[in-house]
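Position one of the sequence shown corresponds to residue 1 (my numbering), numbered consecutively onward. Data first, discussion second: the structure below is written as structure tokens.
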Amino acid sequence: MDQLALFRPPDLVLAELHLDLRRLDLKRAHGCLTEYQRSWNGVGLTWEPSFLDFLTLNGLPKDPEDGWSLWLKLQESAFWPNVPLSVRLGFQTHYFQMILDLAGDERKVTSENGISTGYLHFLAGRLDSGLALLQQEATESVDDPLPHLYLGNTQYLLNDTWEARASYRDALLKALKRDKFAEILDVEVRAFLAEVEASEWAVIEGCIKGVLPVAHVRSAGSVERFLERHTWFVTTDSCPLPSPIQQFYACLVLSESRPVVPEDSLMKARLHMKFLNSRLHKRHMEMLETKPRD
């Protein structure tokens, strides 16, 4: 090592180490860490050795699936909350740019972990393309909850809490698995879900409590279009039924939209809610009593 390097100010060496970690330059980061420890006996180091040890032990990912698994593992590491935001964001941007390069032209990174290309774009700092891709994926998805989860996270990071919670609601309505709840970035929503015992009904619990928003129909025409999309509600013919949770939510929308919903449809919706889950029906009706009538 150059003799002059031994006398470099510690702040300068530490800043260079942080820059190397943000850029995923592990070789240079090791050099800076060694220099700092040799020159200053490691005084002032906190999270840096643990972060570099983590990256060295696990190595950089070789494919998108491995990359996403490693990212989740990093988030759970004890040292991660102590990493300064500037380093975390810089590392995140470079890391997901690398993941996108590994993904190539794949429309979606399909894996057991299920992470969308749109969310990778967002995490790599490509905000506009990330949001557009996620909105497209969420629109196109029929049964997949993950595009809605990651769209919600993106909206949350953009400070659009209401839209984020609507997306989380849609992910839960599409049966988001409980082990994915931890990936929800909204702390209040995540804390609420952690307390709910029957996770399959968590979305309804959240809607009734007001943690998650309930969609409303605003006019007679909107009611007609809503019922056309939910033919199971208006026909006696045999037709495929959505899940009980999805049925309950559709009835909840009608019940919450009382001023524009015909009385017979309103009563039918509330009776069906009682049939599906009498406990939550009762809680909903109690909540309605506390709301001002339009």
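All C-beta atoms, glycine included, are put in the ideal place defined by N, C-alpha and C. A quick note: this is a predicted structure, and the numbers were derived from the prediction, not measured.
- The residues 201, 204, 244, 248, in chain order, have a CB closer than 8 Å to that of residue 277 in the same chain once the five nearest residues on each side in sequence are set aside.
- A direct Cα-Cα distance of roughly 9 Å separates residue 80 from residue 50.
- Comparing C-alpha distances from residue 87 to each of 281, 19, 251, 261 shows the shortest one belongs to 19.
- Taken through DSSP and simplified to helix, strand or coil, residue 184 comes out as coil.
- Following the DSSP letters along the chain, one finds residue 153 inside the alpha helix (DSSP H) bounded by residues 146-157.
- By the CB criterion at 8 Å, residue 26 and residue 55 fall inside the cutoff.
- In this structure, residue 52 and residue 21 form a Cβ contact; the two beta carbons are roughly 7 Å apart against a cut-off of 8 Å.
- Scanning its chain for C-beta atoms nearer than 7 Å, with the 5 sequence neighbours on each side dropped, one finds around residue 166 the residues 213, in chain order.
- If only uninterrupted alpha helix (DSSP H) runs of at least 4 residues are considered, those enclosed by the segment 7-47 are 10-22, 26-40.
- Going by C-alpha positions, residue 69 is about 20 Å away from residue 130.
- Taking 8 Å as the cut-off, the beta carbon of residue 134 is found closer than this to the beta carbon of residue 151.
- A distance of 8 Å or more separates the beta carbons of residue 176 and residue 153.
- The residue from 173, 221, 233 with its alpha-carbon nearest to that of residue 199 is 173.
- Note that the C-beta distance between residue 260 and residue 218 is below 8 Å.
- Setting aside the 5 residues that flank it on each side, residue 181 is surrounded in the same chain by 193, each with a C-beta closer than 6 Å to its C-beta; the list follows chain order.
- With contact defined as three or more Cβ pairs closer than 8 Å, the segment 37-47 and the segment 71-85 are in contact.
- The shortest CA-to-CA distance from residue 197 to any of 183, 178, 210 is the one to 178.
- In this structure residue 149 is not in contact with residue 121, their Cβ atoms being roughly 16 Å apart against a cut-off of 8 Å.
- Between residue 207 and residue 252 a beta carbon distance of about 6 Å is seen, short of the 8 Å cut, so the two are scored as contacting.
- For residue 72, the enclosing alpha helix (DSSP H) begins and ends at 64-75.
- Bounds of the alpha helix (DSSP H) holding residue 93 are 85-103.
- Taking residue 125 as reference, the option from 103, 190, 144, 93 with the minimal CA-CA separation is 93.
- Residue 75 counts as exposed, since fewer than 16 other C-beta atoms from the protein chains shown sit within 10 angstroms of its C-beta.
- CA-CA distance, residue 274 to residue 137, rounds to 34 Å.
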